[in-house]
Amino acid sequence: MCGIIGYIGEKQAAPILLQGLRKLEYRGYDSAGIVVCNPANPETQVTRFRSVGKIDTLENKVRGQEIVGTMGIAHTRWATHGGVTEENAHPHHDQSGKIFIVHNGIIENYREIKEVLGNGHTYVSQTDSEILAHLIGVHYEQMKKEGSCSDLRRAVEHALHHVRGTYGLVVMHTDYPDCLVAARMGSPLVIGVADGEQYIASDPTPMLAHTKKMVFLDDGEIAEVTRDSVQTFTLLDDRVVKCVEEVEWDEAAAQKQGFPHFMIKEIFDQPVVFEDAIRGRYDLKEGTAFLGGLNMTNDEMRRVKRVILIACGTASYAALVGKYAFERLAGIPTEVDVASEFRYRDPIVDDTTLVFGISQSGETADTIAALREAKRKGAFVRGIVNVVGSTIARETDGGTYIHAGPELAVASTKAYSNMIAILLLYALQFGRLKRVSIATGQRLLAALREIPAKMRLTLERAEEIQAVAEKYAAYKHFFFLGRGINYPVALEGSLKLKEISYIHSEAYPGGEMKHGPIALLSPDFPVFAIMTKNQLYDKMRNNIEETKARGAQVILLATDGDDHARELSDDVLYVPETMELLQPLLNTIPLQLFAYYIAAALGRDVDRPRNLAKSVTVE
Ligand code: AGP
0 MCGIIGYIGE
10 KQAAPILLQG
20 LRKLEYRGYD
30 SAGIVVCNPA
40 NPETQVTRFR
50 SVGKIDTLEN
60 KVRGQEIVGT
70 MGIAHTRWAT
80 HGGVTEENAH
90 PHHDQSGKIF
100 IVHNGIIENY
110 REIKEVLGNG
120 HTYVSQTDSE
130 ILAHLIGVHY
140 EQMKKEGSCS
150 DLRRAVEHAL
160 HHVRGTYGLV
170 VMHTDYPDCL
180 VAARMGSPLV
190 IGVADGEQYI
200 ASDPTPMLAH
210 TKKMVFLDDG
220 EIAEVTRDSV
230 QTFTLLDDRV
240 VKCVEEVEWD
250 EAAAQKQGFP
260 HFMIKEIFDQ
270 PVVFEDAIRG
280 RYDLKEGTAF
290 LGGLNMTNDE
300 MRRVKRVILI
310 ACGTASYAAL
320 VGKYAFERLA
330 GIPTEVDVAS
340 EFRYRDPIVD
350 DTTLVFGISQ
360 SGETADTIAA
370 LREAKRKGAF
380 VRGIVNVVGS
390 TIARETDGGT
400 YIHAGPELAV
410 ASTKAYSNMI
420 AILLLYALQF
430 GRLKRVSIAT
440 GQRLLAALRE
450 IPAKMRLTLE
460 RAEEIQAVAE
470 KYAAYKHFFF
480 LGRGINYPVA
490 LEGSLKLKEI
500 SYIHSEAYPG
510 GEMKHGPIAL
520 LSPDFPVFAI
530 MTKNQLYDKM
540 RNNIEETKAR
550 GAQVILLATD
560 GDDHARELSD
570 DVLYVPETME
580 LLQPLLNTIP
590 LQLFAYYIAA
600 ALGRDVDRPR
610 NLAKSVTVE
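Under numbering that gives the first Met the number 0, think of the first position of the sequence shown as 0, with each following residue one higher.
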């Protein structure tokens, strides 16, 4: 998720763009750049500055420079393709050096496009976005007729016909200092309308200080924006009439896209970012996955005798789901190790062991130290991280970015789901080398592709979940129970509740209750039990009946259509059914929402809970 802002009007563009980037820093902050068009001076028609690091670094670079011009575009980056370097920072330009773009999204087929563009193109970055700029430039050369903004807009349209992926895109051409072109597919883009000036941004945040009148582009729409007009078209060149909306948000609300907290926004982000995690990383025809960053030959993969998943906190619970997937699909013994324990237990690893370090931040000190220990002992060491260019990404010999976008709430939600997505794809990639048939692989991938829609169905039940959460908000203790692949879900639900509501909560495998914890049961100690359809469903039912018999109140999570669940519980929440290995991706959402709504009802600082940090960079 990156931040984009464009301006065209009568004022000097640079200060407006830099100020706008500051408001967008929450969307991505590993590098930034700005380009301004100054038609008055052909020699310095464009002035571009880019820098690694936060907006302050870019501002320091720009300070004292002469940046004249009333049209420009700017970008703050959350790297997905290519490391965190100045060359990879936006804006990027085409071969002519006259067309500049800023892009938010992922071009899935950038390799194929680069191949088709062939020689004669010099790329200075490792990004998919720069290739898109060159593609637009080629189409512009083919299409330019009238020498007007429409030529540029049509060139962008035709280029985008060849693109698979997502984009929020703003394009400028130094020959046309009177127009910007904006296009949207899968990444938000909004036009701020004012008198004699227009703004374009990833969301209303950076424009609210200038105007509250917004035109929200929809997927598949493209706009020609001049100082006095906004014309919108489909990618097939048909005019689209858009209404100008008056937004009531203040800047804080706009950063959260109208949600009261980042955590709830990020819970609702999950369907979209899940699609980003799997996009372009599987082959439905072959029923397999392809995670290029693994950097292992098929022979090396076949030699792997053991997998160790190392992580902390929520990431370790995602790893536990991954354990089931690796053992069920790949048939490789897989263990999950809490990073802070792994490094001190003199782990037995060798060159047939594959160790994954799983981490949203990529900076968790315990996980970094554990991976160094594994590397020292000769294991294959790979990363599954969210932050591009983070320490774990740099120190491992390969791995995969989870593409969850910046996760700003301390409590991890969308990163957890995307970690599971990547672990499932890895398990399939290894499994298809050994024991998984093409039909099984295709079945799994078909179910995986349905997950975003089933996540949306689950999220549509948020109000029911909120009602149940508020009913139990006053309790001081909770149990979370699950069996099999639902035990990691119980652990994650319990952690979410305790870390943002400060309520005491414990998670147990359902079968463990009779070995001691059941002594705690009472009407004051509610039990949240996960009883979705799986091979341990009947066993879980028995555990719940034992629990009910001791007078505890039971909240059940059950599969759509399971009417038995109502007889067994005081409250029941339902989720759609999917394959057992994928069910945690849906089951966790009601638990995230349950914790969120209780914490909100208690007035907690949901995004910044006491005592916690987003990234624990100390041991
Ligand atoms: C998750 O809600 C917690 N904030 C915490 O457990 C977190 O998952 C853990 O610190 C690991 O962080 P990482 O994924 O950045 O390594």
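Glycine included, each C-beta is placed from N, C-alpha and C at the ideal position.
Since the structure is predicted, the reported quantities are computational estimates derived from the model, not experimental observations.
- The secondary-structure analysis by DSSP pairs residue 183 across a beta bridge with 167, 220.
- In this structure, residue 506 sits away from residue 597, with a CB-CB distance that is not shorter than 8 Å.
- Between the ligand AGP and the CB of residue 422, the shortest heavy atom gap is not smaller than 7 Å.
- Within the same chain, 531 come within 6 Å of residue 582 by CB-CB distance, once the 5 residues on both sides are set aside.
- In the three-state scheme derived from DSSP, where H, G and I count as helix and E and B as strand, residue 147 is classed as coil.
- For residue 232, there is no enclosing alpha helix (DSSP H); the enclosing beta strand (DSSP E) has its first and last residue at 229-233.
- By the neighbour-count criterion, in which a residue is buried when 16 or more other Cβ atoms sit within 10 angstroms of its Cβ, residue 352 is buried.
- Counting along the chain, residue 212 sits inside the beta strand (DSSP E) bounded by residues 212-215.
- Ranked by Cα distance from residue 8, the first of 2, 195, 49, 40 is 195.
- Cβ-Cβ separation between residue 406 and residue 385: approximately 7 Å, consistent with a contact (criterion under 8 Å).
- Judged by beta-carbon spacing, residue 496 lies beyond the 8 Å limit of residue 205, meaning their Cβ atoms are not closer than that value.
- Proximity to residue 411 across 443, 571, 359 peaks at 359, based on C-alpha coordinates.
- Cα atoms of residue 289 and residue 438: separation of roughly 17 Å, rounded to the nearest angstrom.
- Remark: the C-beta of residue 257 is outside contact range of the ligand AGP, defined as less than 7 Å to any heavy atom.
- In the DSSP assignment, residue 487 falls within the unbroken alpha helix (DSSP H) covering 485-500.
- If only uninterrupted beta strand (DSSP E) runs of at least 3 residues are considered, those enclosed by the region 430-485 are 476-481.
- The C-alpha of residue 450 is placed about 38 Å away from the C-alpha of residue 197.
- As computed with DSSP, residue 371 is found in no beta bridge at all.
- With respect to residue 220, residue 239 sits close: the two C-beta atoms are nearer than 8 Å.
- Going by beta carbons, residue 431 and residue 287 fall inside the 8 Å limit.
- Relative to the ligand AGP, the beta carbon of residue 498 is positioned inside 7 Å of a heavy atom.
- Not one heavy atom of the ligand AGP lies closer than 7 Å to the C-beta of residue 39.
- Taking C-beta atoms under 8 Å as the contact rule, residue 201 and residue 26 qualify, at a distance of about 6 Å.
- As a beta-bridge residue in DSSP terms, residue 354 pairs with 307, 380.
- Going by DSSP, residue 74 is part of the beta strand (DSSP E) stretching over 70-76.
- Judged by DSSP secondary structure, residue 344 falls outside any beta strand (DSSP E); it is assigned neither H nor E.
- Residue 380 has its Cβ no nearer than 7 Å to any heavy atom of the ligand AGP.
- The Cβ neighbour count for residue 378, taken over all protein chains shown within 10 Å, is at least 16; the residue is labelled buried.
- Annotated as proximal: residue 606 and residue 408, with beta-carbon spacing under 8 Å.
- For residue 312, there is no enclosing beta strand (DSSP E); the residue is part of the alpha helix (DSSP H) that begins and ends at 312-324.
- In this structure, 589 is the residue among 589, 475, 569, 486 with its C-alpha nearest to the C-alpha of residue 461.
- Secondary structure of residue 28 (DSSP, three-state): coil.
- Within the same chain, and ignoring the five residues on either side of residue 330 in sequence, the residues whose Cβ sits closer than 8 Å to its Cβ are 430, 433, 434.
- For residue 282, the secondary structure class from DSSP, reduced to helix, strand or coil, is strand.
- DSSP, read as helix, strand or coil, puts residue 200 in strand.
- The criterion of a C-beta distance shorter than 8 Å is satisfied by residue 199 and residue 224.
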